[in-house]
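Just below is one structure, and these are the notes that go with it.
There are 2 protein chains.
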Amino acid sequence: MARRPGRPRASGDPHGERDTRQDVLDAAAALFCSVGFTSTSTRAIADAAGVRQASIYHHFAGKDAILLELLLGTVQPSLELADALVAAPEPAPARLWSLVHADVALLAGGPVNLGVLYVLPEVAAEQFAPFHVLRARLRARYSELADAAAARSEADDRGALVLGLVESVILRRRDTPDLDVPVVQRSVADAVLRLIGCTPTQIAAASTPS
Amino acid sequence: MARRPGRPRASGDPHGERDTRQDVLDAAAALFCSVGFTSTSTRAIADAAGVRQASIYHHFAGKDAILLELLLGTVQPSLELADALVAAPEPAPARLWSLVHADVALLAGGPVNLGVLYVLPEVAAEQFAPFHVLRARLRARYSELADAAAARSEADDRGALVLGLVESVILRRRDTPDLDVPVVQRSVADAVLRLIGCTPTQIAAASTPS
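Residue numbers (numbering that gives the first Met the number 0), protein chains in the order written: chain A, 0 to 209; chain B, 0 to 209.
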């Protein structure tokens with residue numbers, strides 16, 4: 000992942016600080032997912048990003064801080080959408096469908112499969128608590144939306160089931176690297192509504208044309 | 000994971016070869032899932048298993064061979080059950096429910112969460128092809144059973160959706176180490192039947208009392 004030559008700089012950022020930061024994140028993401036987190040040194044990240052190793056420490060406390068930022072990026076956009084959807088006027092099945100549709104795109108659509116990093120032994124450590132807090136909040140939002148959209152009330156672990164089906168795209172993408180993301184987005188969103196007991200009519204009404 | 004002192008030996012195996020082999024697998028599983036695969040040496044496995052390093056190489060070609068055997072063990076029992084269930088006389092929803100129920104127990108019930116090893120970068124390598132072949136066969140069995148049990152035919156990726164929901168217990172167990180496995184077995188098995196469009200009556204008939 001070599002630095003793109005002649006890449007334009009943002010006008011308010013003449014020294015390219017934001018570009019450097021993003022180049023480091025991109026390079027680290029690619030290395031963590033291909034070589035592995037443990038086997039990747041900050042030196043290797045610097046080489047792949049085309050920056051000096053000192054530049055990495057200017058932006059990040061270290062490898063853990065880079066991993067944390069990457070992990071947060073796999074949840075934050077979906078959580079922001081979920082927070083907005085909880086109060087939106089659309090019927091609950093449509094709001095849940097939209098959230099699943101967007102979350103699957105986030106997990107399955109980026110340049111690398113960052114979700115595989117969720118199960119790293121290192122991620123259980125205290126310094127990754129902000130990631131676990133965010134993901135627990137997303138799970139709670141799924142639970143709220145699923146409870147509001149559900150036809151029946153027998154499952155009291157709906158949030159975990161729904162998040163599980165959404166995040167199953169992580170392993171699916173690993174099995175099929177050239178996944179057809181728009182097809183999988185609709186398939187998983189429809190499946191989530193079936194899982195919580197919505198009728199075919201409700202599902203047809205909830206899904207939006209892509 | 001210290002070697003249990005005074006552990007009885009199988010009668011037909013006076014030198015404890017099978018015990019040594021299993022001790023190595025158990026110790027490696029615990030280390031791979033806690034310390035990580037890359038960070039675990041065969042020396043560390045030998046120490047944890049209470050055997051000499053040479054004993055490991057008597058049983059396994061190396062660390063990759065140990066990992067392969069552990070991975071095969073997370074699929075082989077479910078595949079054998081699936082092969083038997085495909086030809087069994089029970090209605091398809093009941094057969095699918097039984098397979099999910101057993102597979103969730105296999106993934107969520109062992110002493111360590113071996114499923115987290117599925118996403119290791121190393122597992123993409125050629126020497127792990129036997130694992131990927133077995134898992135693809137299990138996915139195909141899920142697809143067959145789900146097609147036979149399904150009320151409607153709109154989803155042509157049922158096998159992937161169902162296997163995804165089953166394997167979602169890997170991340171769920173990571174989030175909640177003290178998961179109530181019998182409860183999750185029933186919850187996921189019921190959810191799989193809802194996902195493929197079975198009615199509450201069909202699901203009640205398919206699920207067996209535990």
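Heads up, the beta-carbon is just placed ideally off N, CA and C, and yes, glycines get one too.
Predicted, not measured: the structure shown is a model, and the values here were computed from it.
In summary, no residue of the region 69-81 of chain A has a CB separated from any CB of chain B by less than 7 Å. Looking at the backbone, the Cα of A:Thr37 and that of A:Lys62 are separated by about 10 Å.
If you draw a straight line from the Cα of B:Ser142 to the Cα of B:Gly163, it is about 12 Å long. Contact annotation: in the region 155-166 of chain A, residues whose CB is within less than 7 Å of a CB in chain B are Asp156, Ala159, Leu160, Gly163, Leu164, Glu166. Secondary structure of B:Ser206 (DSSP, three-state): coil.
Around the beta carbon of B:Pro176, fewer than 16 other beta carbons sit within 10 angstroms, so the residue counts as exposed. Note on geometry: alpha-carbon atoms of B:Thr41 and A:Ala53 lie some 35 Å from one another. Ranked by Cα distance from B:Leu106, the first of B:His57, B:Arg193, B:Leu160, B:Leu170 is B:Leu170. Note that the C-beta distance between B:Leu144 and B:Leu194 is not below 8 Å. Contact of B:Val103 with chain A is not assigned, every C-beta pair being separated by 8 Å or more. At a cut-off of 8 Å between beta carbons, A:Gly35 contacts chain B.
Within chain A, the residues placing a beta-carbon under 7 Å from that of B:Val115 are Val118, ordered along the chain. Between A:Gly109 and chain B, the shortest Cβ-Cβ separation is not below 8 Å. For B:Gly15, no alpha helix (DSSP H) encloses it, and the DSSP letter there is neither H nor E.
Counting only residues of its own chain and dropping the five nearest sequence neighbours on each side, B:Ala101 has a CB closer than 7 Å to the CB of Ser77, Leu80. Spanning the alpha carbons of A:Ala128 and B:Val118 requires a straight line of approximately 22 Å. Residues of chain A with a Cβ closer than 7 Å to the Cβ of B:Leu194 are, in chain order, Ala190, Arg193, Leu194. In the three-state reduction of the DSSP assignment, B:Thr200 falls in the helix class, which pools H, G and I. Judged by DSSP in its simplified three-state form, A:Ile169 adopts helix.
Contact between B:Val122 and B:Leu70 holds: CB atoms are separated by about 7 Å, below the 8 Å threshold.
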